[in-house]
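Right, one structure below, let's go through it.
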């Protein structure tokens with residue numbers, strides 16, 4: 022099967038890339054291993070898209086589409102998405118653009134000719150299939166295609182730490198007026214841990230408002246490499262085991278949960294960190310802190326460098342302020358971060374782009390990933406049309422086109 026642009030991964034980065042590639046005239050195919058689009062935002066129940074700054078173009082279209090059909094709740098800074106509607110809206114946008122989608126299809130390897138990806142091998146109900154693309158966009162999150170193609174990468178911190186994986190779940194029927202105060206809740210947690218009924222020595226519990234229910238998030242698995250089969254399996258087992266313990270704890274110890282029902286859990290764990298592919302340029306901490314604007318900037322960001330290492334002892338407000346651009350300012354991501362060092366017909370999109378670990382903690386948000394996808398997909402379409410390498414594409418031309426597409430750069 023021949024295709025102009027092959028996008029691997031149906032999360033925010035892949036959605037943006039597929040839509041942009043198709044809208045810019047390419048025959049685009051999006052591969053997704055599950056039965057729906059949205060990635061962590063839908064499958065892992067991480068339904069937050071930043072709406073305050075840093076967005077425009079496709080990502081704005083997405084949350085405005087959701088808002089128009091009751092698919093999100095918007096506050097000052099974020100849209101909290103209903104995951105089920107997010108899946109449907111994402112598919113509608115991709116198909117409406119003219120891109121094709123293959124669900125239940127995993128990329129499993131590449132065939133190289135020198136530094137050129139000749140084919141991407143996939144596994145599906147049809148068995149093993151080879152797809153021959155002009156340009157590949159790696160939106161896999163883990164940088165699988167780039168790594169298989171022989172590109173160098175970094176992973177975790179210098180001392181081997183990898184950010185926590187979260188496991189999210191949705192509860193209905195909580196009697197909010199009966200819930201204990203925060204200090205009372207912490208005391209109950211300590212008691213359950215001492216009794217061997219709870220296995221959460223380190224965790225952060227967050228609550229987001231969704232229509233008619235409560236969505237919660239817990240950091241459950243630490244220092245696990247989720248880019249490997251063993252690591253990812255270990256993470257899923259740990260997360261599900263600890264969630265079951267936590268659910269039994271809520272029912273036994275915590276008032277207000279007597280009639281509560283656990284209505285949904287994440288289809289897979291929320292991975293924050295795996296490979297960072299080394300590209301022609303690398304985004305670093307200084308770029309984030311100083312709000313650096315690059316001549317080839319294709320995506321703006323202003324979020325703080327958010328690392329879930331379990332090491333932060335500072336109050337959250339002070340921690341964020343010390344690790345972000347100045348209030349009202351932003352930095353941008355250069356196009357060179359999307360271009361890997363070795364592979365001639367490959368572009369990167371999403372959290373696997375070239376960046377230091379700290380800078381990656383800022384750019385990995387879903388808004389940034391979808392923006393990066395729009396830039397990568399647009400670039401891929403231009404390169405496929407002209408049969409040129411992404412490394413030779415003029416960033417000034419790309420920036421001009423992205424501005425016409427109402428991206429904020």
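Residue numbers (my numbering): 22 to 430.
No residue lacks a Cβ here, since even glycine has one placed at the ideal position from N, Cα and C.
Cutoff 6 Å; reference residue 390; Cβ partners in own chain excluding five residues on either side | 33, 34, 371
In three-state terms, what does DSSP make of residue 348?
-> coil
With residue 251 as the anchor, note down where its alpha helix (DSSP H) starts and where it stops.
-> 250-274
Ordered along the chain, which non-local residues of its own chain (more than five positions away) have a Cβ less than 8 Å from that of residue 328?
-> 184, 378, 379, 382
With residue 208 as the anchor, note down where its alpha helix (DSSP H) starts and where it stops.
-> 203-215
Take residue 270 and list the residues in its own chain whose beta-carbon comes closer than 7 Å to its own, dropping the five residues that flank it on each side.
-> 213, 218, 219
When DSSP labels each residue in this structure, what does residue 404 get in the three-state scheme?
-> helix
Residues in its own chain within less than 7 Å of residue 84 by CB, not counting five upstream and five downstream?
-> 70, 72, 93, 100
For residue 58 versus residue 111, is the C-beta distance shorter than 7 Å?
-> yes
In whole angstroms, what is the alpha-carbon distance linking residue 138 and residue 170?
-> 7 Å
When DSSP labels each residue in this structure, what does residue 301 get in the three-state scheme?
-> In the structure shown, residue 301 sits in coil (DSSP, three-state: anything other than H, G, I, E or B).
Cα-Cα, which of 304, 295, 357 is closest to residue 373?
-> Of the listed residues, the one whose Cα sits closest to residue 373 is 295.
Candidates 240, 310, 347, 273: closest to residue 65 by CA position = Answer by Cα proximity: 240.
For residue 309, the first and last residue of its enclosing beta strand (DSSP E) = Element bounds for residue 309: not the beta strand (DSSP E) but the alpha helix (DSSP H), 306-311.
Could you pull out every residue in the same chain whose Cβ sits closer than 6 Å to the Cβ of residue 266, ignoring the five residues on either side in sequence?
-> Hits under 6 Å: 219, 220.
Three-way DSSP call (helix, strand, coil) for residue 40 in this model | helix
Take residue 261 and list the residues in its own chain whose beta-carbon comes closer than 8 Å to its own, dropping the five residues that flank it on each side.
-> 188, 286
Contacting residues, own chain, Cβ-Cβ under 6 Å from residue 25 (five flanking each side not counted) = 47, 48, 155, 405
Three-state class that DSSP yields for residue 390 in the structure shown = helix
With distances taken between CB atoms, is the gap from residue 160 to residue 30 smaller than 7 Å?
-> It is a contact, given that the beta carbons lie within the stated cut-off.
Throw me the rounded Cβ distance for the residue 135 and residue 362 pair, which I believe falls under 8 Å.
-> Not confirmed; about 14 Å, so no contact.
For the candidate residues 128, 104, 376, 130, whose alpha-carbon lies nearest to that of residue 235?
-> 104
Buried or exposed by the 16-neighbour rule on C-beta atoms within 10 Å, applied to residue 223 = With a pLDDT of only 45 at residue 223, under the threshold of 50, the placement of this residue in the model should not be trusted; the figure read from the coordinates follows. Looking at its Cβ environment, which holds fewer than 16 other Cβ atoms inside 10 Å, residue 223 is exposed.
Residue(s) in a DSSP beta bridge with residue 10 | Here the chain has residues from 22 to 430 only, and residue 10 is not among them.
Keeping to the same chain, check which residues put their C-beta closer than 8 Å to that of residue 277; ignore five residues upstream and five downstream.
-> 195, 196, 197, 198, 199, 200, 201
Status (buried if at least 16 other CB within 10 Å, exposed otherwise) for residue 346 = Label assigned to residue 346: buried.
Alpha carbon to alpha carbon, what distance is there between residue 256 and residue 8?
-> Lying before the first or after the last residue shown, residue 8 is absent from the chain, which here runs from 22 to 430.
Give every residue of the same chain whose Cβ lies closer than 6 Å to the Cβ of residue 385, excluding the five residues on either side of it in the sequence, and list them in chain order.
-> 372
Verify whether the separation of the beta carbon atoms of residue 402 and residue 38 is less than 7 Å.
-> no
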